[in-house]
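See below for the structure under consideration.
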Amino acid sequence: MDLLLAWILLLGAFLGFLVTGLLFRRGRPSESRPIPAFDLLPPELGKSAESGAPFLFALGSGGIGGERTLTSVAALETLDGLTDAAVAYGTPPVVVVGDPTLMVLAEDALRRAWARRGTPERHNPAQVRFIGTQPAVYAAGVADLLSHEPIHGNILIGAFDEEASLVASAAEGRRRFQSAAVDRLSSAGALYGADATLATGEELYAGPALVTGIPRFLSSLWVQDFLRFVVLALLLLFILGVL
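This is the structure:
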């Protein structure tokens with residue numbers, strides 16, 4: 301039975317990628333599901349430009365090569381998708397990381413954004429800051445930045461746990477806009493009562509698709525939604541005794 305379910309999911313993934321690929325070739329991509337934590341970011345970038353204050357991207361304490369690599373990669377892809385617009389507005393984001401591997405990649409994302417604008421000389425490596433590897437120290441450092449620097453809002457996305465509440469509390473104290481996307485129940489619970497739009501679990505991995513609109517990311521998101529429907533249908537059939 302387990303083998304059958306695995307084959308059904310693999311077949312569903314293959315068919316999903318095939319169908320979405322055909323839709324893109326015909327110029328008829330379907331709408332993706334709304335996730336406010338990401339949908340609200342583009343208009344907020346415009347408000348950031350009007351105020352002249354940048355966004356702060358907190359990418360968490362995860363890194364590349366650890367157990368939460370995929371979470372950190374999704375956070376980097378989301379940053380990369382929003383950096384072009386922020387740079388075009390003249391308000392490049394401040395990025396804070398808790399792992400040296402993320403620092404190198406985040407710096408590269410900002411450097412490439414300026415290069416695409418034709419002004420690579422405007423890239424400032426100091427926009428990316430490494431705070432510390434300990435989650436509590438990292439969160440305290442992010443909270444201090446939010447409290448003392450002219451920041452328009454906070455985008456908290458990546459590998460966080462309970463320490464995320466320190467960041468959210470600092471943003472609320474300064475009445476900053478904030479959006480959060482986290483992968484664990486511990487961080488989701490810490491942020492549940494915060495004044496922030498929240499994406500949890502697998503919603504975090506939808507960020508690159510929603511902020512960039514790149515076909516390969518959108519295709520992956522639609523297949524993910526399709527497989528979710530397949531899993532729910534199989535569970536229902538199992539409960540009803542059909543399987």
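Residues 301 to 543 (the numbering used here) are what the sequence shown spells out, left to right. Using N, Cα and C, we set each Cβ at its ideal position, and we do this for glycine too.
Tell me the rounded alpha-carbon separation between residue i and residue j.
| i | j | result |
| --- | --- | --- |
| V404 | Y438 | 17 Å |
| H423 | P393 | 11 Å |
| G390 | P342 | 14 Å |
| R411 | P420 | 7 Å |
| S487 | S465 | 8 Å |
| I335 | H448 | 30 Å |
| W414 | A406 | 13 Å |
| A386 | A409 | 12 Å |
| G493 | G398 | 24 Å |
| F526 | F538 | 18 Å |
| A426 | L532 | 47 Å |
| D380 | A374 | 10 Å |
| F529 | A509 | 19 Å |
| Q434 | G346 | 33 Å |
| E367 | E472 | 30 Å |
Please classify residue i as buried or exposed, where buried requires at least 16 neighbouring CB atoms within 10 angstroms.
| i | result |
| --- | --- |
| E463 | buried |
| G501 | exposed |
| G541 | exposed |
| F357 | buried |
| A468 | buried |
| S479 | buried |
| D483 | buried |
| L376 | buried |
| A443 | buried |
Find the nearest neighbour of residue i within the set the options, judged by alpha-carbon distance.
| i | options | result |
| --- | --- | --- |
| S372 | I451, G489 and V396 | V396 |
| D384 | R476, V482, R417 and G453 | R417 |
| A353 | L379, F477, L370 and F338 | F477 |
| A337 | E367, E350, Y505 and L485 | Y505 |
Hey, residue i and residue j are a contact pair by Cβ (cut 8 Å); roughly how many whole angstroms apart?
| i | j | result |
| --- | --- | --- |
| T378 | V511 | 6 Å |
| A470 | L446 | 4 Å |
| A481 | G507 | 6 Å |
| G441 | I431 | 4 Å |
Item checked: the region 457-472 / the region 354-366 touching (three or more Cβ pairs under 8 Å) -> Segments in contact, yes.
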